[in-house]
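Engineer: Let me give you the structure first, and then I'll get to my questions.
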Amino acid sequence: MIATISQQDAATDLVASYLKTITKQGFTGDTDASYASRLTAATDNSIYQQIPQGILFPKTEKDIQIALQAASHDPYLSLTFGPRGGGTGTNGQSLTPGIVVDLSRYMREILEINVEEGWVRVQTGVIKDQLNDFLRPYGFFFAPDLSTSNRATIGGMVNTDASGQGSLVYGKTSDHVLGLTTYLVDGTKMSTTPIDVDKAQLIADQDTVIGNLYSTVLDVALNNRDAILDKFPRLNRFLTGYDLEHVLSDDLLTFDMSRIITGSEGSLGIVTEAKLNITPIAEFKTLINIKYDSFDSALRHSPFLVDARATSVETVDSKVLNLARQDIVWHSVSDLITDVENKDMQGLNMVEFNAVSPEDIKDKVDTLCRLLDECVQHQKNGVIGYQLTSDKSDILKIYGMRKKSVGLLGNVKGSQKPLAFAEDTAVPPENLADFIVEFRALLDSHKLQYGMFGHVDAGVLHVRPALDMCDPDQEKLLRLISDEVVKLTANYGGLMWGEHGKGYRSEYGPEFFGEHLFKQLRIIKSAFDPQNRINPGKICTPIESEDSLVSVDGQKRSWFDKQISIDVKTSFNNAMTCNGNGICFNYDQNSPMCPSYKVTGDRRYSPKGRAGLMREWLRLQESKNIDLLEVEKQLNQGEVITWWERYQHSRDKSKGVYDFSHEVKESMDECLACKACTTACPIKVDVPTFRSRFLNYYHSYYARPLKDYLVGNIENSAPVMAKFSSVINPIVNTKIVSKLIEKTVGYVDTPTLSSPRLDKRISKEHRFNFEKLSTLSSQQQSEYVLIVQDPFTSFYEAELVESFIKVITALGKKPILLPFKPNGKPQHVKGFLNEFKATAKNAAQFLNSLSEINAPLVGLDASLVMCYRDEYNSILGDDRGDFEVLLAHEWLAKESFKPLANKIKNETRFTLLSHCTETTAMPSAANVWQTIFSDLGLQLNTTATGCCGMAGTYGHEIQNQENSRALYSMSWKGVVNKNKPEQLLATGFSCRSQVKRYEKFKPKHPIELLAQIL
632 MIATISQQDA
642 ATDLVASYLK
652 TITKQGFTGD
662 TDASYASRLT
672 AATDNSIYQQ
682 IPQGILFPKT
692 EKDIQIALQA
702 ASHDPYLSLT
712 FGPRGGGTGT
722 NGQSLTPGIV
732 VDLSRYMREI
742 LEINVEEGWV
752 RVQTGVIKDQ
762 LNDFLRPYGF
772 FFAPDLSTSN
782 RATIGGMVNT
792 DASGQGSLVY
802 GKTSDHVLGL
812 TTYLVDGTKM
822 STTPIDVDKA
832 QLIADQDTVI
842 GNLYSTVLDV
852 ALNNRDAILD
862 KFPRLNRFLT
872 GYDLEHVLSD
882 DLLTFDMSRI
892 ITGSEGSLGI
902 VTEAKLNITP
912 IAEFKTLINI
922 KYDSFDSALR
932 HSPFLVDARA
942 TSVETVDSKV
952 LNLARQDIVW
962 HSVSDLITDV
972 ENKDMQGLNM
982 VEFNAVSPED
992 IKDKVDTLCR
1002 LLDECVQHQK
1012 NGVIGYQLTS
1022 DKSDILKIYG
1032 MRKKSVGLLG
1042 NVKGSQKPLA
1052 FAEDTAVPPE
1062 NLADFIVEFR
1072 ALLDSHKLQY
1082 GMFGHVDAGV
1092 LHVRPALDMC
1102 DPDQEKLLRL
1112 ISDEVVKLTA
1122 NYGGLMWGEH
1132 GKGYRSEYGP
1142 EFFGEHLFKQ
1152 LRIIKSAFDP
1162 QNRINPGKIC
1172 TPIESEDSLV
1182 SVDGQKRSWF
1192 DKQISIDVKT
1202 SFNNAMTCNG
1212 NGICFNYDQN
1222 SPMCPSYKVT
1232 GDRRYSPKGR
1242 AGLMREWLRL
1252 QESKNIDLLE
1262 VEKQLNQGEV
1272 ITWWERYQHS
1282 RDKSKGVYDF
1292 SHEVKESMDE
1302 CLACKACTTA
1312 CPIKVDVPTF
1322 RSRFLNYYHS
1332 YYARPLKDYL
1342 VGNIENSAPV
1352 MAKFSSVINP
1362 IVNTKIVSKL
1372 IEKTVGYVDT
1382 PTLSSPRLDK
1392 RISKEHRFNF
1402 EKLSTLSSQQ
1412 QSEYVLIVQD
1422 PFTSFYEAEL
1432 VESFIKVITA
1442 LGKKPILLPF
1452 KPNGKPQHVK
1462 GFLNEFKATA
1472 KNAAQFLNSL
1482 SEINAPLVGL
1492 DASLVMCYRD
1502 EYNSILGDDR
1512 GDFEVLLAHE
1522 WLAKESFKPL
1532 ANKIKNETRF
1542 TLLSHCTETT
1552 AMPSAANVWQ
1562 TIFSDLGLQL
1572 NTTATGCCGM
1582 AGTYGHEIQN
1592 QENSRALYSM
1602 SWKGVVNKNK
1612 PEQLLATGFS
1622 CRSQVKRYEK
1632 FKPKHPIELL
1642 AQIL
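Using the numbering used here, the letters of the sequence shown correspond one by one to residues 632 to 1645.
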């Protein structure tokens, strides 16, 4: 059996006391010292792991002031703090051993916009894409770009002086900061904007906290001006640290303290507000995708493209392109980046032109295309072809692929994973190709694999060498390569940290700046934070401090992972490979990933959070000498403990006896099992699968709730109940019985059984007769369609199955309804894995027995059809067989509807809402329905939505009611309310049920509409 995990890396008594104190003093946000939450904040998108002592989630600036002022007095003077935004940093900038101050949960308000003056004021928890979605209707955008824009916060961008694509034209974050509000370590509020140097000197003369800061920074910046200009590289990128150069204008007449704070990585204070310059949107865009015979050709051609007055030039190598080809993202760009016949595309430059008028862009594009035609014709510069698009949606798709490539690199097979540690080097663009030749030679000398992509117009290339950090020799290699890259970038007039900040690379600061200038940085740190309490160890330490800087040798995630056996790591690969890229924190409410995080704002309830908790649970179980794979084998063979032992464990739980397993279980319980993570995540973290395994372990030790047994057995009970639907429905729908079910089982809004039931709706000719089918010729069999039943449509929505039979018949085929066989999906969701395996084996045997019949197997419910493909493979392996069940749209896509068009007269414009499982696993599904409707002369709009909030039984469970409704309101309610009931179509049974309970009408499945009008 598994072990009770009572030991944990507990927060100190001092931290617990501090959290209670600030709550008493009026802190209105959340405080959290649970091990699960601290683990979730212990990682970012880097290789490091640092468990904090606690987390603060302030709701207001006053909360931050209360927290810092309380820590300025005994007994809390030893506490340290680390500001955190989106947690997408690649170098551990937001990791801290102290208390995390996370502004991303609540401080996400856009406070003010002034269109006439071109600025916006925001709280720093605002997400980059959230801000641009707000600005778009005004015709503006916040220009600095980054690949993590759907989850990175403005605070994070300010603190790393973030920039990305298009920075030659649009600059860095610091170029757009007009003012900041920052809280200093003692709780003092400081507002900073550009001011005359004379005025800054007046402030510096004041005997105040802020006066002292102005005095120190002015003194350092003015007295060391020549040394600063000599050392700071002439690059498009800033070197993150303290911007001693730009705190003063070139003419030395203007002083801007914000420039010191921007790029300071949270080491000087906590930035709570930012006033930002906004840029008019250039309405006219053209993107030219230039294809090359080698990556070196792409790099060497980039200066020519910059000279062509392009807005941006992005590049990717063949490794990144090939990874994209294997991902779901490729379907959206495959026709925009096609192969060149008889050529091998080894590199790609994406060249964008944009302008506010078409005249400004046409000549540039035409000129470049003529030159590219010459290159292709005469085989010059390695150019083998190019494609051009001016469609904004297509351009967004291509950049979506480019952005996702960051995460895709982490999904390579094997234990060696491309890692971010020397991945944002910056050199003058004219030196880039030669620099990369040497960089590649360095990596090749160690026989390392790597992928490359980046902003060649700015001389920034992202290079991620593949290392296995659980191998001690390869961990040493990380240090060796880091040292070499620092030297190499210096030789080419650049620096190692060109875009993603220093973080754990801060140790290289003294060498880069030199003793004198680095001392000046320390003097500034001393003025702001004399006791080294704000993000200690990053950038530099106070002048009097003996504390160390963080180092690339710092504690890494691999230190924890090494303690898990290789067999267990391999078995739980779908959790172990999470690299922290954080795409599951996607801000977009119309994205299906990840509903439980979107609705709670709690990162424990995200795929990244759950993967981290699962890794730690595996480690702690093995530390108790538990052979998890052997225990699982025993569980799949039957009971491993008695009911009495399970009762005792459950009794301990009810008494509040701690077990880390309970924290993991809480996180898993919030999962909707929608499976968006299995495809939308570039690493393919598969929460539903490892969640089911965890629940299987957990409930071998602790008792299950009654509702789990009811859900797990729904496929056995539904066929029996359906026979008595006329009796059961009136009883279940009474208030007394509904309340009884709610109180005893914890379920609400129980769906109504179909009446008349399915077997009363179909004729004899549609019933399954294996002997009859098997005697037909292969040609005769091909005229049949075998309908695979599922419990939801067959017993709760029989009218849909009936409609499908009608549609198949209208297409000239012969529908046959197969006998109902439980699929096992409900068992899998609740972690009944032993029972699920038996169910899957039985269903697979039956479906494989039909393989000799030349007729397609077609199902109606996406989640169950995908279960045949995914969960059956996992649980049965080779015993699954090779049967294939298509979803209805997959089969319909092969049929011809145009001959039926003349029968139809319908001017209604329909709107389709897709099941989230379909959206992520089969992104072309909506296009199939559009094609079918178009062939029939019907109008069908598709719209992006997130999860409806039902997700099988999730929306029926009493504890999920608030979240279920909130999810529905996020992206479904608005679309539903904009359409008349007769216009609305939905492919998911759960989705239709959710609309019915909140809007009192049930949308049709597209098949029901087709059956009605054909």
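Where a beta carbon is used, it is the ideal one built from N, C-alpha and C, also for glycine.
Remember, predicted model here, so these are calculated numbers, not experimental data.
State buried or exposed for tyrosine 1340, treating a residue as buried only when at least 16 other CB atoms are found within 10 Å of its CB.
Structural biologist: In the sequence shown, the residue the question calls residue 1340 occupies position 709. Label assigned to tyrosine 1340: exposed.
Engineer: Classify serine 943 as helix, strand or coil using the three-state DSSP reduction.
Structural biologist: What you label residue 943 is simply residue 312 of the sequence shown in a count that begins at 1. Three-state result, serine 943: strand.
Engineer: What is the rounded straight-line gap between the Cα of asparagine 1166 and the Cα of threonine 813?
Structural biologist: Along the sequence shown, one-based indexing puts residue 1166 at 535. Along the sequence shown, one-based indexing puts residue 813 at 182. Using only the alpha carbons, I get a separation of about 14 Å.
Engineer: Give the secondary structure of isoleucine 1112 by DSSP, where H, G and I count as helix, E and B as strand, and everything else as coil.
Structural biologist: As a working note, residue 1112 is residue 481 in the sequence shown. Three-state result, isoleucine 1112: helix.
Engineer: Report yes if the CB atom of serine 928 is closer than 8 Å to the CB atom of glycine 1013, and no otherwise.
Structural biologist: The count along the sequence shown starts at 1 and reaches residue 928 at position 297. The count along the sequence shown starts at 1 and reaches residue 1013 at position 382. Going by C-beta atoms, serine 928 is nearer than 8 Å to glycine 1013.
Engineer: Could you tell me whether the segment 1462 to 1472 touches the segment 1507 to 1516, using the rule of 3 or more Cβ pairs below 8 Å?
Structural biologist: Result yes; three or more Cβ-Cβ pairs closer than 8 Å.
Engineer: For asparagine 1347 versus threonine 1383, is the C-beta distance shorter than 8 Å?
Structural biologist: What you label residue 1347 is simply residue 716 of the sequence shown in a count that begins at 1. What you label residue 1383 is simply residue 752 of the sequence shown in a count that begins at 1. No, the pair does not count as a contact, with Cβ atoms beyond the cut-off.
Engineer: For the 8 Å Cβ check, are there 3 or more pairs between the segment 750 to 764 and the segment 1210 to 1227?
Structural biologist: With a cut-off of 8 Å, the segment 1210 to 1227 and the segment 750 to 764 count as touching, because enough Cβ pairs lie within range.
Engineer: Is DSSP giving methionine 976 helix, strand or coil here?
Structural biologist: Residue numbering aside, residue 976 sits at position 345 when the sequence shown is read from its first letter. Methionine 976: coil per DSSP, three-state reduction.
Engineer: Please go through the same chain and pick out, in chain order, the residues whose beta-carbon is closer than 6 Å to the beta-carbon of alanine 1647, but skip the five residues on each side of it.
Structural biologist: Beyond the ends of the chain as shown, which are 632 and 1645, falls residue 1647; an answer cannot be given.
Engineer: Could you pull the DSSP bridge partners for methionine 981 from this structure?
Structural biologist: Within the sequence shown, the letter at position 350 stands for residue 981. For methionine 981, which the question treats as bridged, DSSP gives the partners Asn920, Glu945.
Engineer: State yes or no: is the C-beta of proline 911 within less than 8 Å of the C-beta of phenylalanine 771?
Structural biologist: Against the sequence shown, residue 911 aligns to sequence position 280. Against the sequence shown, residue 771 aligns to sequence position 140. Yes; because the gap between Cβ atoms is below 8 Å, this pair is in contact.
Engineer: Would you kindly check if the distance between the Cβ of alanine 1057 and the Cβ of glycine 1082 is under 8 Å?
Structural biologist: Numbered from its first residue, the sequence shown carries residue 1082 at position 451. Numbered from its first residue, the sequence shown carries residue 1057 at position 426. Cβ distance not < 8 Å, so glycine 1082 and alanine 1057 don't count as in contact.
Engineer: Mapping the DSSP letters down to three states, classify methionine 788 as helix, strand or coil.
Structural biologist: The count along the sequence shown starts at 1 and reaches residue 788 at position 157. Residue state, collapsed to three classes: helix.
Engineer: For serine 1408, does the three-state DSSP call read helix, strand or coil?
Structural biologist: For the purposes of this step, residue 1408 is taken as residue 777 along the sequence shown, with counting starting at 1. Here serine 1408 sits in coil by DSSP.
Engineer: Check the DSSP bridge columns for methionine 1083 and list the partner residues they point to.
Structural biologist: Counting from one through the sequence shown, the residue named residue 1083 turns up at place 452. DSSP, once it has assigned bridges, lists Val1094 as partnering methionine 1083.
Engineer: Measure the beta-carbon distance from proline 864 to leucine 1126 and round it to whole angstroms, keeping in mind my assumption that it falls under 8 Å.
Structural biologist: Residue 864 sits at position 233 when you count from the first residue of the sequence shown. Residue 1126 sits at position 495 when you count from the first residue of the sequence shown. The pair is a contact, with the Cβ atoms about 6 Å apart (cut-off 8 Å).
Engineer: Taking the runs of the alpha helix (DSSP H) that are 4 residues or longer, which of them lie wholly in the segment 1224 to 1268?
Structural biologist: For the segment 1224 to 1268, whole alpha helix (DSSP H) runs of length 4 or above, ordered along the chain, are 1226 to 1231, 1238 to 1254, 1259 to 1266.
Engineer: According to DSSP, is aspartate 781 part of a helix, a strand, or is it coil?
Structural biologist: Within the sequence shown, numbered from 1, the residue matching residue 781 stands at position 150. According to the sequence as given, residue 781 is asparagine; it is not aspartate. Looking at asparagine 781 - three-state DSSP - the assignment turns out to be coil, as it is neither helix nor strand.
Engineer: Just mark glutamate 972 as buried or exposed, buried being the case when its beta carbon has 16 or more other beta carbons within 10 Å.
Structural biologist: Translated into the one-based positions of the sequence shown, residue 972 becomes position 341. Exposed, since its Cβ has fewer than 16 Cβ neighbours within 10 Å.
Engineer: Check the DSSP bridge columns for serine 822 and list the partner residues they point to.
Structural biologist: Position 191 of the sequence shown, counted from the start, is the residue given in the question as residue 822. Its beta-bridge partners are Thr812.
Engineer: Round the Cβ separation of threonine 1584 and histidine 1131 to the nearest angstrom and send it over; I've been treating them as touching at under 8 Å.
Structural biologist: As a position in the sequence shown, residue 1584 is number 953, starting the count at 1. As a position in the sequence shown, residue 1131 is number 500, starting the count at 1. In fact, because the Cβ distance is near 42 Å, the residues do not count as touching under 8 Å.
Engineer: Alpha carbon to alpha carbon, how far is lysine 1255 from tyrosine 1328? Give it in angstroms, no decimals.
Structural biologist: The residue given as residue 1328 occupies position 697 in the sequence shown. The residue given as residue 1255 occupies position 624 in the sequence shown. Computed Cα separation, rounded: 15 Å.
Engineer: Can you give the beta carbon distance from serine 1189 to glutamate 1106, rounded, assuming they're within the 8 Å contact cut?
Structural biologist: Within the sequence shown, the letter at position 558 stands for residue 1189. Within the sequence shown, the letter at position 475 stands for residue 1106. With 8 Å as the limit, serine 1189 and glutamate 1106 qualify as a contact, their Cβ atoms being about 7 Å apart.
Engineer: Checking the sheet assignment: what are the DSSP bridge partners for tyrosine 1415?
Structural biologist: Translated into the one-based positions of the sequence shown, residue 1415 becomes position 784. Paired residue(s): Lys1445.
Engineer: With a 10 Å radius around its C-beta and 16 neighbouring C-beta atoms as the bar for buried, classify phenylalanine 1355 as buried or exposed.
Structural biologist: What you label residue 1355 is simply residue 724 of the sequence shown in a count that begins at 1. Exposed: under 16 other Cβ atoms inside 10 Å.
Engineer: May I ask you to report which of helix, strand or coil DSSP gives isoleucine 758?
Structural biologist: For this step, residue 758 is matched to residue 127 along the sequence shown. Isoleucine 758: strand per DSSP, three-state reduction.
Engineer: Smallest Cα separation from proline 934: which of Asp1065, Lys1403, Thr839?
Structural biologist: The count along the sequence shown starts at 1 and reaches residue 934 at position 303. When each option's Cα is compared against that of proline 934, the closest is Asp1065.
Engineer: Under 8 Å, do glycine 1577 and proline 1319 count as touching if we go by C-beta distance?
Structural biologist: If you number the sequence shown from 1, residue 1577 lands on position 946. If you number the sequence shown from 1, residue 1319 lands on position 688. Not in contact: glycine 1577 and proline 1319 (Cβ atoms no closer than 8 Å).
Engineer: Provide the residue(s) that pair with aspartate 733 in DSSP beta bridges, ordered along the chain.
Structural biologist: Within the sequence shown, the letter at position 102 stands for residue 733. Aspartate 733 is bridged to Arg715.
Engineer: If you scan the segment 655 to 731 from start to end, which runs of the beta strand (DSSP E) of 3 or more residues do you find wholly inside it?
Structural biologist: The segment 655 to 731 contains these whole beta strand (DSSP E) runs: 661 to 663, 685 to 688, 712 to 715.
Engineer: Taking the straight line between their C-alpha atoms, what separation do you get for arginine 1648 and asparagine 980?
Structural biologist: With the chain represented from 632 up to 1645, any question about residue 1648 goes unanswered, as that position is not in the structure.
Engineer: Compute the Euclidean distance between the alpha carbons of cysteine 1171 and asparagine 1572, then round it to the nearest angstrom.
Structural biologist: In the sequence shown, the residue the question calls residue 1171 occupies position 540. In the sequence shown, the residue the question calls residue 1572 occupies position 941. Looking at the two C-alpha atoms, the distance is approximately 55 Å.
Engineer: Mind listing, in chain order, the continuous beta strand (DSSP E) runs of no fewer than 3 residues lying wholly within the segment 1581 to 1629?
Structural biologist: If we require 3 residues or more, the beta strand (DSSP E) runs fully inside the segment 1581 to 1629 come out as 1615 to 1617.
Engineer: Can you tell me whether glutamine 1008 is helix, strand or coil according to DSSP?
Structural biologist: Counting from one through the sequence shown, the residue named residue 1008 turns up at place 377. Glutamine 1008: helix per DSSP, three-state reduction.
Engineer: Jot down the residue ranges of each uninterrupted alpha helix (DSSP H) in the segment 1341 to 1376, minimum 4 residues, whole runs only, in chain order.
Structural biologist: The qualifying runs are 1345 to 1354, 1356 to 1363, 1366 to 1375.
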